[in-house]
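What follows is a short report on a single structure.
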Amino acid sequence: MTLPMAILNDLCPMHVVIDASGHVRQTGPTLAKLVGDDPLEGTRFLERFEVYRPRSVSGMAELLAAAGRKLHLRLRDARRTAMKGVLVPDGRGGAVVKMSFGMGVVDAVRDFALTSRDFEATDLTVEMLYLVEAKSAAMEASRTLNLRLQGAKIAAEERAYTDTLTGLRNRRAADHVLAQAAASDGAFAVLHVDLDFFKDVNDTLGHAAGDRMLRQAAQVMTDLIRKGDMAARVGGDEFVILLSGLSDRGAVSSIARRLIDGIEKPVPFGGRSCTVSASIGIVVVTDPGREPAGILAEADAALYAAKRAGRGRFCFYEPGMTPLADAS
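Position one of the sequence shown corresponds to residue 1 (UniProt numbering), numbered consecutively onward.
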């Protein structure tokens, strides 16, 4: 006895009823959704579905002979949607084929906008879909959290290496970059910059004016250095600049002169004009394996020589120069 269509639709929304001639006489609502404007009713089952396992199915007789076995089939359409099925003969030469998506259910739900109503009420597929959705949501939440943590870590590391007042690198970053440069085979130049007359600005106009001068000096440095160079604030009014790959004294001198000229430009503050200068000690490093502390000591000695020579100028380190701390 053939079940009424409404009962089959509720119990098995993915089914087809085939008559003895192999034509589709009835289609479940979910299968109807899959084929859309090209209905299955009235067409030959094996012309609309390819049975690729078992391989010998080419007609109604072979199809009925596969009763009770798992059928592997796919729609003969552009998407080639794969399905599993089982055939039950109706006793009159026809059959009912119950189908499911198997492992391809996630793709089918996406491709055909299926919902829980497109599956049997007791179908474990629905529960599996909930699990897939929950897993996807959990993975997305985990990915978002990881991105936030990574962003927070990068931001924390950036803050740890940045001078908050000027936005330049800080002493920690300068030590790290200098150590890397000293360990490499490339040449580089180190400029130790100290602002002249900075204390006078602080004493007469206050720390706000001094901060303004520090930020202005930092901007001058940022505008002059190249990508791959480094400018760092390493003390109250002291800065270190590392010029990567640069050992030509003429080129370094040009940069130092432009630094001094830029820093000496008056800066308006509170209706007054603030002016500082800069003294610079320079070390050109061409030998690999130098100790960073030794390089900085030489830059400090050259800086002291520049200040002793009248300030507002630069000096290259020469053997015999005495660091400021050791000067008599």
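All C-beta atoms in this analysis are idealised placements derived from N, C-alpha and C, irrespective of residue type, glycine included.
What separation, rounded to the nearest whole angstrom, lies between the Cα atoms of residue i and residue j?
i, j, result
"Gly59", "Leu145", "56 angstroms"
"Ser21", "Gly94", "8 angstroms"
"Pro4", "Leu46", "24 angstroms"
"Thr322", "Ala183", "25 angstroms"
"Thr27", "Ala138", "37 angstroms"
"Phe188", "Arg110", "58 angstroms"
"Arg311", "Ala179", "29 angstroms"
"Thr153", "Arg313", "Strictly speaking, residue 153 in this sequence is Lys, with Thr absent from that position. Spanning the two alpha carbons is a distance of roughly 41 angstroms."
"Gly235", "Glu140", "45 angstroms"
"Leu40", "Asn9", "15 angstroms"
"Ala181", "Lys227", "15 angstroms"
"His192", "Ser142", "46 angstroms"
"Met1", "Asp90", "With a pLDDT of 47 at Met1, under the threshold of 50, the modelled position of this residue cannot be trusted; read the value that follows with caution. When rounded, the distance between both Cα atoms is 7 angstroms."
"Leu71", "Val86", "6 angstroms"
"Val75", "Ala6", "Looking at the sequence provided, one finds Leu at residue 75 rather than Val. Approximately 24 angstroms, taken between the alpha carbons."
"Asp229", "Val285", "14 angstroms"
"Val57", "Val51", "7 angstroms"
"Arg233", "Leu147", "31 angstroms"
"Asp248", "Phe316", "12 angstroms"
"Leu246", "Ile295", "15 angstroms"
According to DSSP, is residue i helix, strand or coil?
i, result
"Met213", "helix"
"Pro292", "helix"
"Glu50", "strand"
"Met221", "helix"
"Phe188", "strand"
"Phe198", "helix"
"Phe314", "strand"
"Ser142", "helix"
"Ala309", "coil"
"Gly91", "coil"
"Val105", "helix"
"Ala78", "coil"
I'd like the span of the beta strand (DSSP E) that includes residue i, first residue to last.
i, result
"Ala61", "Unbroken run through Ala61 is the alpha helix (DSSP H), Met60 to Ala65; no beta strand (DSSP E)."
"Met5", "First-last for Met5: Met5 to Leu11, but that is the alpha helix (DSSP H), not the beta strand (DSSP E)."
"Leu71", "Lys70 to Leu75"
"Leu114", "Unbroken run through Leu114: none, as it is neither H nor E."
"Lys233", "The sequence as given places Arg at residue 233; Lys does not occur at that position. Unbroken beta strand (DSSP E) run through Arg233: Met230 to Arg233."
"Pro268", "Val267 to Phe269"
"Arg272", "Arg272 to Cys274"
"Gly281", "Ser277 to Val285"
"His15", "His15 to Ile18"
Along the chain, where does the alpha helix (DSSP H) that runs through residue i open and close?
i, result
"residue 329", "Summary: the structure shown does not reach residue 329, with the chain confined to residues 1 through 328, and so no result is reported for it."
"Val240", "Premise fails: Val240 lies in the beta strand (DSSP E), Glu238 to Ser244, not in any alpha helix (DSSP H)."
"Lys33", "Pro29 to Val35"
"Leu40", "Leu40 -> no alpha helix (DSSP H), and no H or E assigned at all."
**OP:** Kindly provide the ranges of any alpha helix (DSSP H) runs that are 4 or more residues long and lie completely inside the region 148-185, ordered along the chain.
**Re:** Counting only runs of 4 or more, we get 171-183.
Subject >> Any 3 or more C-beta pairs closer than 8 angstroms across the region 265-277 and the region 250-257 >> reply: Too few Cβ pairs lie closer than 8 angstroms, so no.
Subject >> the region 267-285 in contact with the region 298-315 per 3-pair CB rule at 8 angstroms >> reply: Yes, the region 267-285 touches the region 298-315.
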